[in-house]
Amino acid sequence: MVEQLTIQPFFESLGQACAPHAPGVNAAAAGRLERALISPVDAPGRGILLRAPRAGFGKSHLLSHLQQRLGTSHEFLPLNPLDGSRIDAGGAIEAALRRLTRPLPAGGGLTGLDLLSRRLFSVALQPLVSSGEVPCQDREVALAALRQRPVETFDFHHSQAVTAHWTKENFEVLGPRLALELSRRTGSSLNDSSFWLASLFRFAIATPEHPGRTGMIIQSAVSEAGPDRYAALLALLSLISRVVVVADDLEGLHADPGAALRLASFISSVRQEAPRVDLVVSVNDDIWESAFKPALSGGLLDRLGELEIRLEPLDEAAMASLLETRNPGRGAALRGRLSLQPGEFYARLVLRKAAEISEESLPAAVAVAAAVVPVVPPSPPAPVPEAEVPAPAPPPVEAVERTVPPPVPEVMEAKELPPEAPVVTEPEIVIPSEQAPQPSPAAAVEEEHPVVPPAAADPAGAGSGDRIDDLLRQFRERYGRE
Numbered sequence: 034m035v036e037q038l039t040i041q042p043f044f045e046s047l048g049q050a051c052a053p054h055a056p057g058v059n060a061a062a063a064g065r066l067e068r069a070l071i072s073p074v075d076a077p078g079r080g081i082l083l084r085a086p087r088a089g090f091g092k093s094h095l096l097s098h099l100q101q102r103l104g105t106s107h108e109f110l111p112l113n114p115l116d117g118s119r120i121d122a123g124g125a126i127e128a129a130l131r132r133l134t135r136p137l138p139a140g141g142g143l144t145g146l147d148l149l150s151r152r153l154f155s156v157a158l159q160p161l162v163s164s165g166e167v168p169c170q171d172r173e174v175a176l177a178a179l180r181q182r183p184v185e186t187f188d189f190h191h192s193q194a195v196t197a198h199w200t201k202e203n204f205e206v207l208g209p210r211l212a213l214e215l216s217r218r219t220g221s222s223l224n225d226s227s228f229w230l231a232s233l234f235r236f237a238i239a240t241p242e243h244p245g246r247t248g249m250i251i252q253s254a255v256s257e258a259g260p261d262r263y264a265a266l267l268a269l270l271s272l273i274s275r276v277v278v279v280a281d282d283l284e285g286l287h288a289d290p291g292a293a294l295r296l297a298s299f300i301s302s303v304r305q306e307a308p309r310v311d312l313v314v315s316v317n318d319d320i321w322e323s324a325f326k327p328a329l330s331g332g333l334l335d336r337l338g339e340l341e342i343r344l345e346p347l348d349e350a351a352m353a354s355l356l357e358t359r360n361p362g363r364g365a366a367l368r369g370r371l372s373l374q375p376g377e378f379y380a381r382l383v384l385r386k387a388a389e390i391s392e393e394s395l396p397a398a399v400a401v402a403a404a405v406v407p408v409v410p411p412s413p414p415a416p417v418p419e420a421e422v423p424a425p426a427p428p429p430v431e432a433v434e435r436t437v438p439p440p441v442p443e444v445m446e447a448k449e450l451p452p453e454a455p456v457v458t459e460p461e462i463v464i465p466s467e468q469a470p471q472p473s474p475a476a477a478v479e480e481e482h483p484v485v486p487p488a489a490a491d492p493a494g495a496g497s498g499d500r501i502d503d504l505l506r507q508f509r510e511r512y513g514r515e
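Quick note: the sequence shown, position 60, residue 93 per the numbering used here, numbers continuous.
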């Protein structure tokens, strides 16, 4: 059997399912970036610059791999320039909300934004309960529920969630006080905090099956959006979990210093409004040298690359691991046929060369397989059960006419045959009971099974009439005439 060609993904995007990760590929950079991102929720964020000598070194794959590893404690939000080079706050908000409103596995229609919203309500309500501004029967029990079970406490779709229904009924009065508390915690403006609190509340109380609730929050948030509104959203989310904003796919900024300056200025303003957010800029050397470096000031360069992580070419072990992970069982064979210079050991080129080798060897493998296919004699037919054996077909009409002799006319046969001798039945002789002797055993057997001797052959038929007369005479003498 000829092994089919393996299709290799040469390009990846953040947020999509990535190809299997090969251990050892960019291991040092991955470990350093993971250590930088693993921080307490209240720790300040950093600007991280992820650089590679050229495209294809695996920057997007590395970010997708870390997103899967840290998905339970981190939110990775994309920041992609519109049209490849234009930064827009509305587009950034829409990309973030679409990422957050993805349905959770086995969540019954709930999304990540549902869980974040309920935790935000709990964070905002705790100071009011603790200070007594919001009265409750048992303050300690209420605070424990808000801190330990915020998702269940603010389940607006459960009939037993008393706190959630009380908040829903009194939100018009309670909302401004909650927004003020969130504004104080995040440092954002009261207007932006109030806007996001009301938008998240409308989203949370809508049923998960409602088809338009995601579209409604995106439409209301994107209209007249600015960097402050986007930064306020990130600041609110950073109260709950670590937030990582990733600017990837920046090839459209090549030789465009103006676009690079706008991107760096936007990122810098967002970092000031949301200081807990980590910002990762993934860029190749050609983009960095042609767009960012000529346009950015020293301060912007420092803010953008507070921590710089660089990808290096693959070594022999990493390349073998990459080939084996993407082509199980064929890694060593493909490595022996690759002809690359040491500086060309980067992921995309290695995978492309391996795919070309597979494409070239596929026709030859097909030809060899066709040449060595053994000729197997046909197996005898399986015996058919006797009950299923079909009756032989009748021979053709012509064959019947040749094998069956012609019939003899009956009239001619009757004329030529000699006359048949008449068959005479001997009358039964009855002996009176009083004169009948006791039969012997042999006679009884003979009577039960009489043996009739064959009549004497009389071919001429002579004397048959005298015999009949003699028998009639004996009958009359014995029994008399009636």
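Glycine residues also receive a C-beta, built at the ideal position from the N, C-alpha and C atoms.
What you are looking at is a predicted structure, and each value in this text was computed from that prediction instead of being measured.
Which residues bound the beta strand (DSSP E) around GLY145?
-> No beta strand (DSSP E) contains GLY145, which is instead part of the alpha helix (DSSP H) from 145 to 164.
So what does DSSP say about LEU47, is it helix, strand or coil?
-> coil
Mind reading off the beta-carbon distance from LEU296 to ALA280? Whole number of angstroms is fine, and I expect it under 8 Å.
-> 7 Å
So, ILE320 versus ALA62, is the Cβ gap smaller than 8 Å?
-> no
Taking Cβ positions, are PHE204 and SER155 nearer each other than 8 Å?
-> no
For SER315, which of helix, strand or coil comes out of DSSP?
-> strand
Output yes or no for whether 8 Å exceeds the beta carbon distance between ARG368 and GLY89.
-> no
DSSP three-state assignment for GLY140, whether helix, strand or coil = coil
For the alpha helix (DSSP H) holding PHE109, just list the boundary residues, first then last.
-> That residue, PHE109, is in no alpha helix (DSSP H); its beta strand (DSSP E) goes 107 to 111.
Mind checking LEU504: buried by the 16 CB within 10 Å criterion, or exposed?
-> exposed
Skipping 5 residues on each side, what residues in its chain have a beta carbon closer than 8 Å to that of PRO136?
-> Excluding positions up to five away in sequence, the list reads GLY142, LEU143, THR144.
Cβ separation of LEU233 and SER150, assumed to be a contact under 8 Å, to the nearest whole Å = With a Cβ gap of about 4 Å, LEU233 and SER150 count as contacting.
For ALA85, does the three-state DSSP call read helix, strand or coil?
-> strand
Could you tell me whether the region 91 to 111 touches the region 283 to 297, where touching means 3 or more Cβ pairs closer than 8 Å?
-> no
Whose CA, out of GLN159, ILE251, SER46, HIS98, lies closest to the CA of GLU127?
-> ILE251
Are LEU110 and VAL314 touching if we call contact CB-CB under 8 Å?
-> Cβ atoms of LEU110 and VAL314: not closer than 8 Å.
Run through DSSP, which three-state label would ALA239 get?
-> coil
For the alpha helix (DSSP H) holding ALA60, just list the boundary residues, first then last.
-> 60 to 70
Touching or not, the region 220 to 238 and the region 258 to 271, by the rule of three or more beta carbon pairs under 8 Å?
-> Segments in contact, yes.
Thinking PRO183 and ARG217 are a contact (beta carbons under 8 Å), I'd like their distance in whole angstroms, please.
-> Not quite, the Cβ-Cβ distance comes to about 19 Å (not below 8 Å), so this is no contact.
Taking only runs of the alpha helix (DSSP H) that begin and end inside the region 276 to 335, which ones reach a length of at least 4 residues, in chain order?
-> 290 to 306
Opposing strand residues paired with LEU340 [DSSP bridges] = ILE81
CA-CA distance, GLN471 and GLN507?
-> At GLN471, the pLDDT of 46 sits below 50, so the modelled position is not reliable; the number obtained from the coordinates is stated separately. Near 24 Å, if we compare the C-alpha coordinates of GLN507 and GLN471.
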